[in-house]
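Per our numbering, the very first residue in the sequence shown carries number 8; after that it's consecutive.
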Amino acid sequence: MGKSTTGSRLRLGEPLATEFAAFRSAFYNAPEIEIIREALKEHIERVLDQEPERLKLFEKAKKQIMEEKSPKLAVVGPTKD
Numbered sequence: 008m009g010k011s012t013t014g015s016r017l018r019l020g021e022p023l024a025t026e027f028a029a030f031r032s033a034f035y036n037a038p039e040i041e042i043i044r045e046a047l048k049e050h051i052e053r054v055l056d057q058e059p060e061r062l063k064l065f066e067k068a069k070k071q072i073m074e075e076k077s078p079k080l081a082v083v084g085p086t087k088d
């Protein structure tokens, strides 16, 4: 079970901090990060479904970020001993 929190470290402000605490409570004090991840994923999907131009920018940015994160691999041929 998640630790009880006021949400202040998230800097949500009121009334959102209270609403977030109540929402967590309704879900048996689910971990904050679990709720945040689910909400953010749903928000991103909804916005991108409604805004095709933003979807193109999102996909381009995501591809660039993924390329920057991926390790640089080089093909190495057989060694000659």
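Where is the CB? At the ideal position from N, CA and C, for every residue including glycine.
Predicted, not measured: the structure shown is a model, and the values here were computed from it.
Three-state secondary structure (DSSP) at LEU17? What you label residue 17 is simply residue 10 of the sequence shown in a count that begins at 1. Helix at LEU17.
Is the beta carbon of ARG53 closer than 8 Å to that of MET42? Walking along the sequence shown from the start, residue 42 turns up at place 35. Walking along the sequence shown from the start, residue 53 turns up at place 46. It should be pointed out that residue 42 corresponds to Ile in this sequence rather than to Met. No, these two residues do not count as a Cβ contact at 8 Å.
Put ALA37 into one of helix, strand or coil per three-state DSSP. For this step, residue 37 is matched to residue 30 along the sequence shown. In this structure, ALA37 counts as coil in the three-state DSSP scheme.
If we count the other Cβ atoms within 10 Å of its Cβ and call it buried at 16 or more, is PHE34 buried or exposed? Taking the sequence shown and counting its residues from 1, one reaches residue 34 at position 27. Under this definition PHE34 is an exposed residue.
Please go through the same chain and pick out, in chain order, the residues whose beta-carbon is closer than 8 Å to the beta-carbon of HIS50, but skip the five residues on each side of it. Locating residue 50 in the sequence shown gives position 43, where the first residue counts as 1. Nothing meets the Cβ criterion.
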